[in-house]
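Student: Protein chains in written order, with our numbering: chain A, 32 to 191; chain B, 5 to 467; chain C, 46 to 334; chain D, 2 to 341.
1) For residue 239 of chain D, collect the residues of the same chain with a Cβ closer than 8 Å to its Cβ; drop the 5 residues on either side in sequence, then sort them by chain order.
2) Taking the C-alpha atoms as reference points, what is the distance between residue 103 of chain C and residue 353 of chain B?
3) Would you check whether the ligand ATP has a heavy atom nearer than 8 Å to the C-beta of residue 451 of chain B?
4) Measuring straight from C-alpha to C-alpha, what distance separates residue 135 of chain B and residue 314 of chain B?
5) Which residues in chain C sit within 8 Å of residue 143 of chain D, going by Cβ to Cβ distance?
6) Beta carbons nearer than 9 Å to chain C: which residues of the stretch 46-66 of chain A have them?
7) Could you give the uninterrupted runs of the beta strand (DSSP E) lying entirely in the stretch 302-352 of chain B, keeping only those of 3 residues or more?
8) By Cβ distance, which residues of its chain are closer than 7 Å to residue 198 of chain C, with the 5 residues on each side in sequence left out?
9) Quick one: which chain A residues come within Cβ less than 7 Å of residue 74 of chain B?
10) Classify residue 286 of chain C: buried if its beta carbon has 16 or more other beta carbons within 10 angstroms, exposed otherwise.
11) If you run the structure through DSSP and keep just helix, strand and coil, what is residue 37 of chain D?
12) Can you tell me the Cα-Cα spacing of residue 84 of chain C and residue 264 of chain C, whole angstroms?
13) What residue range does the beta strand (DSSP E) around residue 356 of chain B cover?
14) Under 9 Å between the Cβ atoms of residue 468 of chain B and residue 41 of chain D?
15) Give me the subset of the stretch 155-172 of chain A whose CB atoms are less than 9 Å from a CB atom of chain D, sorted by chain position.
16) Output needed for residue 89 of chain C: all residues of its chain with C-beta closer than 8 Å, excluding positions within five of it in sequence on either side, in chain order.
17) Could you name the residues of the same chain whose beta carbon sits closer than 6 Å to that of residue 48 of chain B, not counting the 5 residues immediately before and after it, in chain order?
18) Please work out which residues of its chain come closer than 8 Å, Cβ to Cβ, to residue 334 of chain C, disregarding the five sequence neighbours upstream and downstream, and give them in chain order.
19) Pick helix, strand or coil for residue 99 of chain D, following the three-state DSSP scheme.
20) Which whole-angstrom value describes the C-beta separation of residue 55 of chain B and residue 33 of chain D, a residue pair presumed to lie in contact below a C-beta threshold of 8 Å?
21) Using alpha carbons as the reference points, say which of D:91, D:175, D:168 and D:257 lies closest to residue 145 of chain C.
22) Going by Cα to Cα distance, which pick from B:68, B:446, B:414 and B:436 is closest to residue 9 of chain D?
23) From the beta carbon of residue 126 of chain A, is the nearest beta carbon of chain D less than 9 Å away?
24) Between which residues of its own chain and residue 272 of chain C is the CB-CB distance below 7 Å, once the five residues before and five after are set aside?
25) Residues of chain C with CB under 7 Å from residue 265 of chain D, in chain order?
26) Contact criterion: CB-CB distance below 9 Å. Does residue 71 of chain A meet it with respect to chain D?
27) Can you list, in chain order, the residues of the stretch 225-254 of chain D whose Cβ is nearer than 7 Å to any Cβ on chain C?
28) Suppose contacts are defined by Cβ-Cβ distances below 9 Å. Is residue 51 of chain B in contact with residue 50 of chain D by that definition?
29) Tell me the rounded alpha-carbon separation between residue 193 of chain C and residue 201 of chain C.
30) Where residue 248 of chain D and residue 171 of chain B are concerned, what is the direct C-alpha to C-alpha distance, given to the nearest angstrom?
31) Taking the alpha helix (DSSP H) that residue 171 of chain A belongs to, which residues open and close that run?
32) When you compare only the Cα positions, how much space is there between residue 128 of chain A and residue 227 of chain D?
33) Whose C-beta lies closer than 6 Å to the C-beta of residue 367 of chain B among residues of the same chain, with five residues either side of it excluded?
34) How would you list, in chain order, the residues of chain A whose beta-carbon sits under 7 Å from the beta-carbon of residue 48 of chain D?
35) Buried or exposed: where does residue 204 of chain C fall if 16 or more other Cβ atoms within 10 Å of its Cβ makes it buried?
36) Residue 313 of chain D by DSSP, collapsed to three states: which one?
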């Protein structure tokens with residue numbers, strides 16, 4: 032078994048898992064953080080996107096052993112007990128999600144973008160979301176929501 | 005050099021596993037997730053009148069938080085995981101299935117084959133699809149056995165150890181070839197398993213009135229729904245002989261009847277719980293693994309979950325019908341359609357599924373939203389040894405629309421009439437009679453043409 | 046995934062000794078964007094997976110006496126974000142940007158892309174056009190070679206089971222050499238290349254082609270150079286006609302195949318077009334300097 | 002090198018099953034405080050149907066969307082529903098819900114009438130009140146009426162109903178009949194840019210005008226249209242399941258089955274055509290499937306407009322478009338049907 036200790040959403044967590052356990056399985060099966068979804072398991076769909084050391088990655092493409100000692104943020108780490116994250120709020124207001132299965136991954140990708148680039152162009156948003164396949168929405172309302180959340184995060188617009 | 009490196013233990017091989025949780029690589033830690041208790045609501049949800057409001061979705065908030073529980077997010081104590089062995093051969097007789105090696109594997113709780121299924125066939129129109137193929141394989145994605153084990157990994161390896169002996173049969177893949185009925189997919193039945201015909205007016209007279217005749221053959225491809233959530237179900241058989249299925253099925257009432265039929269059980273002993281489905285588009289409108297999971301749960305006394313892999317989503321679920329479409333249309337010099345003749349051939353794949361519905365809708369819609377007095381539309385659906393086709397967003401309409409609207413465009417260009425104007429001339433109006441003679445109400449084809457043209461700026465750059 | 050052992054290396058040396066110790070049925074894991082997929086599809090069944098993502102000596106981008114050195118573990122995102130590369134090698138930025146999507150570019154490494162050695166790799170052509178060299182470390186020390194020598198065939202490099210790729214170096218003489226890379230895929234996002242091409246050139250006296258290097262991907266068992274096209278251009282005047290002719294000659298240098306993504310014939314059309322366009326773009330870059 | 006073109010696709014599409022019965026049943030309960038619970042056997046498959054159905058129940062009861070909680074999709078507890086198929090949920094399930102809510106509302110009217118000193122048919126439910134038509138000052142909060150209905154009159158306000166779209170069987174020879182209760186209509190117009198040397202098609206923008214009768218929730222209707230168009234774009238230029246000579250799929254994965262990413266989507270300009278269908282709940286019809294119908298035709302017609310090449314065989318991949326540009330004839334129509 033592989034022993035891992037890592038920070039997930041700000042809290043230290045440990046587990047002992049088979050070496051072939053992916054980060055996605057670690058999150059879902061060991062920590063019951065099921066917000067990260069398994070859609071293809073090979074890095075095509077982006078439904079499992081999480082942030083590792085500040086960068087959005089496919090959790091299905093990392094082994095648990097690789098994240099030992101690292102910092103992981105999942106969709107469950109965005110909202111506080113008091114409030115939604117501005118991106119989550121915008122996605123709700125714009126009805127950016129339909130079936131919602133791709134949603135956690137998309138929102139994490141959007142967070143990864145806005146953390147690094149607070150004022151992205153529409154093309155940059157499209158680029159940032161191109162690793163997240165969505166079959167329901169045509170992406171349009173997602174892009175609008177990311178633009179809106181960016182305005183709120185930049186302080187140009189009051190949160191609803 | 006390597007002394008200070010921690011090397012993880014590897015259990016030698018799965019065959020040597022002991023039946024302990026650690027050796028079977030089971031999860032050990034449970035942690036709760038967080039969610040916000042206070043959020044701000046959007047106004048539209050609280051306003052009256054309710055209709056017409058841009059109200060937000062309560063499920064939308066859960067989606068964004070990662071709190072929506074799709075089937076794969078649901079876990080029960082002692083739950084087993086199922087996998088299915090797929091044929092990989094498109095047409096064959098099954099001579100034998102040897103499951104002994106799989107059954108002997110540590111961690112394997114049960115193996116199921118088609119012979120154990122009370123009524124091994126299902127389908128919304130014709131019951132031509134086996135839950136698990138037992139005598140014959142009709143397409144390469146057919147399942148031939150199912151395994152329930154303590155982990156997916158073990159179930160998968162057990163599937164590899166199931167030995168199936170096949171006697172290959174000659175397959176047919178091309179729907180036009182299949183029309184000849186020389187190689188039958190479901191003998192003794194004809195490959196042409198559904199036909200439809202719409203006839204209106206006098207076709208010969210209509211073509212005689214035309215100044216121009218346009219003919220074309222159009223074809224479309226096989227398409228997968230690609231819901232982001234793969235098909236998933238959990239079955240739990242209880243001591244009262246009832247079974248509960250948590251399923252990504254999009255039509256639970258009719259699905260329950262299908263399951264009752266395959267299990268030969270009263271309907272009231274079956275409960276289906278639908279959660280939020282992670283994308284359907286017509287692809288989750290019939291049962292798939294549910295009867296097999298129910299029986300695996302009965303065999304083991306434990307809840308059994310199965311989630312399709314992305315590959316199974318392609319090879320073992322329904323798809324959009326490829327169409328071959330022959331169009332012949334008569335038009336006057338000023339662009340009025342006088343007659344249209346349509347022949348459609350649908351590649352129906354290995355099983356009927358929703359093909360009959362697709363065929364019917366395609367045939368009815370095939371002339372387009374236009375007033376055509378003289379019309380003949382004929383459609384045929386063919387069995388082939390390919391992945392089954394079924395319901396998909398539009399039931400044949402996108403295919404015929406590609407054909408009729410491509411031909412409208414050819415007519416417009418040939419006659420030098422603006423494509424918008426050509427459509428406006430021929431489009432249905434309130435009270436138009438449809439190809440089936442139905443008087444149409446709330447018809448706004450022309451409004452949609454004008455509105456889209458205005459929004460696009462169709463007339464702005466000259467044409 | 047089948048069961049395997051997992052072990053992490055903290056340095057290139059340690060990686061080499063771990064590989065020697067556990068070999069030969071071992072697999073080196075870096076970005077994992079290809080390896081994990083193969084493991085899940087049981088294309089590999091290794092006894093041990095050696096994770097090298099903690100080996101800091103395989104990281105970093107720097108300009109030194111030899112030229113531009115990029116550690117094997119440099120991610121595609123790091124290449125895109127590097128100010129020096131942005132300034133001097135927009136083709137490398139573009140090539141990195143065409144790989145997968147953000148998530149895979151954050152994980153995937155330059156070394157991994159080269160070592161996996163699929164013919165359609167996106168990192169190869171621009172580097173090869175820039176005459177990049179690679180350093181390989183093994184139990185007996187390091188060796189240096191041209192990128193072309195490193196590639197052996199589809200999914201096969203010169204690496205032995207106990208060797209790792211250390212770094213990639215663009216030689217000093219080519220720093221800032223005008224280079225362009227173009228990729229043609231089946232869609233705009235997350236595309237695999239049907240054909241990709243790169244051209245690097247200097248403008249010689251009298252507006253002529255000088256030291257032209259053309260490289261093509263996905264049109265032969267490995268990424269290749271296009272010598273016939275290069276030889277034709279060398280010393281000739283820079284004209285659209287000559288660029289188009291080089292495109293035609295590049296087709297002869299390639300051996301594209303028919304597969305479900307595209308026919309060989311269509312790939313040949315693309316080779317001609319992409320070669321011509323990369324030459325044209327590289328020339329424009331040269332003019333802007 | 003790159004040429005632009007525009008093309009349109011126009012379509013009609015029916016709501017519900019072809020002739021075959023496809024009923025829905027529903028139960029609406031008004032709680033003692035005037036909120037309501039809707040019980041339906043349909044399944045939320047992403048469209049937002051539960052929100053829309055809640056809006057229909059709310060409208061009939063004169064309360065807000067948030068006042069209605071929707072219980073769905075449990076065969077032990079929820080009534081029969083044909084399910085999320087055939088663009089039927091808003092229309093068929095919606096009609097059943099409106100009828101069920103009306104029954105519950107009539108109980109409230111019966112209870113409120115003597116309280117307000119009028120006849121039940123003089124009442125209407127509006128803005129969370131039961132009020133006298135034409136004299137809104139005379140009113141009672143719906144919660145007060147509901148509480149009294151349950152705890153005073155002993156007639157809790159609930160209603161159950163079902164709906165099946167009326168059809169007429171089709172003649173087997175001629176197909177004449179009324180296979181569907183109603184249809185929707187739409188037009189999509191695409192602008193594309195085609196690279197003449199590679200055949201690559203970039204869809205730049207699509208304007209779409211869709212009829213769905215009354216848009217119960219315009220925001221969700223827009224979402225359906227945008228999503229349907231993305232499927233249409235895939236069908237038009239990218240997606241295809243491929244098989245080898247032995248009937249096995251070649252590309253059963255998302256690496257090689259090419260569907261649109263965010264970078265492949267054009268700008269979308271969506272309009273909802275104003276309409277009212279008297280047979281639908283509050284004039285609504287449906288919108289799910291029709292959104293994916295006209296896109297591929299519009300795109301291929303735009304390709305023709307740009308480069309004069311007609312695509313007869315989807316998808317219009319770059320390779321096919323280049324071949325069509327080179328030949329500019331109908332040589333790609335390889336598949337003819339055998340003579341009758």
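Glycine residues also receive a C-beta, built at the ideal position from the N, C-alpha and C atoms.
Note that the coordinates shown come from a computational prediction; the quantities given were computed from them, not determined experimentally.
Tutor: On the basis of the data shown:
1) 259, 260, 261, 265, 316 and 318
2) 52 Å
3) The ligand ATP is not among the ligands present in this structure, which contains no ligands whatsoever.
4) 19 Å
5) The premise fails here: residue 143 of chain D is roughly 50 Å from chain C at the closest Cβ pair, so nothing lies under 8 Å.
6) 49, 50, 51, 52 and 53
7) 308-311, 327-335 and 341-351
8) 266 and 267
9) 132
10) exposed
11) strand
12) 27 Å
13) Segment: none, residue 356 of chain B is in no beta strand (DSSP E) and carries neither H nor E.
14) Past the boundaries of the shown model lies residue 468 of chain B; chain B is included only from 5 to 467, so the question cannot be answered.
15) 156, 157, 158, 159, 160, 161, 162, 163, 164, 165, 166, 167, 168, 169, 170, 171 and 172
16) 72, 80 and 83
17) 57, 58 and 59
18) 221 and 223
19) helix
20) Contact flag wrong, Cβ pair sits at about 25 Å.
21) D:257
22) B:414
23) yes
24) 298
25) 232, 233 and 234
26) yes
27) 239, 243, 251 and 252
28) no
29) 12 Å
30) 16 Å
31) 171-184
32) 12 Å
33) 200, 202, 381 and 383
34) 129
35) buried
36) coil
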